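**Student:** Please read through the structure below; I'll follow up with questions.
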Amino acid sequence: MSDSTSSTASTNTSTASTNTSTTAADGSFLQVIAHYHVKPGLGDQVGALLADLTEATRREAKNLAYAFYRSPQDPDRYVILEQYTDAGGLDDHRASEHFQRLGFGTILPMLVSREVTSYVVRTGVDGKPVEAVKA
4 MSDSTSSTAS TNTSTASTNT STTAADGSFL QVIAHYHVKP GLGDQVGALL ADLTEATRRE
64 AKNLAYAFYR SPQDPDRYVI LEQYTDAGGL DDHRASEHFQ RLGFGTILPM LVSREVTSYV
124 VRTGVDGKPV EAVKA
C-alpha cells in the first residue's frame with residue numbers, strides 16, 4: 004500500500020468476521036497490521052491464498068476479526084488487519100495448521116517483504132478505543 008494518504012479506498016477482498024469471541028475482561032484486544040509486498044505478478048495467487056487463510060482464521064477461538072485488502076494502486080501489495088482476544092490468540096494463529104501451511108509454507112515464499120506490527124488496544128466503557136500500545 005502506498006505510504007501517502009489517498010481518498011481512494013483499498014479494494015476489500017474479504018468480509019467482516021462473524022466470530023462471536025469477546026475482548027479480554029479489561030476490554031483490551033490485540034490488533035495486528037501486516038503489510039505484504041508480493042513478488043511481481045503473483046498478486047492474484049496470493050489473494051486467493053489469503054481468502055483461504057481468512058476463512059480458516061475466522062474459525063479460531065480467539066480471533067475477533069480478520070480481513071485483507073489489496074492496494075488499488077499496486078496489485079502486488081496487501082494489508083491484513085487481524086484482531087485477537089489477546090497475544091495468546093496470535094500465538095495460536097501462528098501455530099495453527101492452516102497458517103503453517105498457507106502462511107509460512109505458501110504465501111511467505113511469494114513475498115518480496117512483509118512488515119507485521121501488533122498493538123494492544125484498550126477500550127473505554129463505551130467500547131471505543133482509548134489507547135493503543137505497541138506490543
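In this text, residue positions in the sequence shown follow this note's numbering: the first is 4, and each later residue adds one. Yeah, the Cβ is synthetic: ideal placement off N, Cα and C, and Gly gets one too. Predicted, not measured: the structure shown is a model, and the values here were computed from it.
Taking contact to mean at least 3 C-beta pairs separated by less than 8 Å, is the stretch 122-132 in contact with the stretch 96-109?
**Tutor:** No: the two stretches stay apart, fewer than three of their Cβ pairs being nearer than 8 Å.
**Student:** Please report the residue range of the alpha helix (DSSP H) in which A90 lies.
**Tutor:** Against the sequence shown, residue 90 aligns to sequence position 87. Where A90 is concerned, the enclosing alpha helix (DSSP H) stretches over A90 to A98.
**Student:** Figure out for me which residue from L114, M113, T120 and P75 has the closest Cα to the Cα of L84.
**Tutor:** Numbered from 1 along the sequence shown, position 81 holds the residue referred to as residue 84. The residue with the shortest Cα to Cα distance from L84 is T120.
**Student:** Between which residues of its own chain and D55 is the CB-CB distance below 7 Å, once the five residues before and five after are set aside?
**Tutor:** Locating residue 55 in the sequence shown gives position 52, counting from the first residue. Taken in chain order, the residues that qualify are L105.
**Student:** Under the rule that 16 or more other beta-carbon atoms within 10 Å means buried, what is K65, buried or exposed?
**Tutor:** Stepping through the sequence shown from its first residue, residue 65 is reached at position 62. It counts as buried.
**Student:** Buried or exposed for I110, please, with buried defined as at least 16 other CB atoms from any protein chain shown within 10 angstroms of its CB.
**Tutor:** In the sequence shown, residue 110 corresponds to position 107, counting from 1. Buried is the call here.
**Student:** Does D47 pass the burial test, meaning 16 or more other C-beta atoms within 10 Å, or should it be called exposed?
**Tutor:** In the sequence shown, counting from the first residue as 1, residue 47 sits at position 44. Exposed.
**Student:** Using a threshold of 9 Å, state whether the C-beta atoms of A37 and E100 are closer than that.
**Tutor:** Along the sequence shown, one-based indexing puts residue 37 at 34. Along the sequence shown, one-based indexing puts residue 100 at 97. Not closer than 9 Å, so no.
**Student:** Look at the Cβ atom of A68, then the Cβ atom of A138, and state whether they are nearer than 9 Å.
**Tutor:** As a working mapping, residue 68 is identified with position 65 in the sequence shown. As a working mapping, residue 138 is identified with position 135 in the sequence shown. Cβ distance not < 9 Å, so A68 and A138 don't count as in contact.
**Student:** Output the distance between the C-alpha atoms of F32 and H40, rounded to the nearest integer angstrom.
**Tutor:** Here residue 32 refers to the residue found at position 29 of the sequence shown. Here residue 40 refers to the residue found at position 37 of the sequence shown. If I take the Cα positions, the gap works out to 26 Å.
**Student:** With a cut-off of 8 Å on the beta carbons, I'd call T60 and H96 a contact; round off their distance for me.
**Tutor:** Looking up residue 60 in the sequence shown gives position 57. Looking up residue 96 in the sequence shown gives position 93. Sure, about 6 Å apart at Cβ, within 8 Å.
**Student:** Measuring only the C-alpha atoms, how far is P43 from D79?
**Tutor:** Residue numbering aside, residue 43 sits at position 40 when the sequence shown is read from its first letter. Residue numbering aside, residue 79 sits at position 76 when the sequence shown is read from its first letter. Approximately 6 Å between the Cα atoms of the pair.
**Student:** Please say whether Y81 and Y72 have beta carbons closer to each other than 9 Å?
**Tutor:** Your numbering for residue 72 matches position 69 in the sequence shown. Your numbering for residue 81 matches position 78 in the sequence shown. Yes; because the gap between Cβ atoms is below 9 Å, this pair is in contact.
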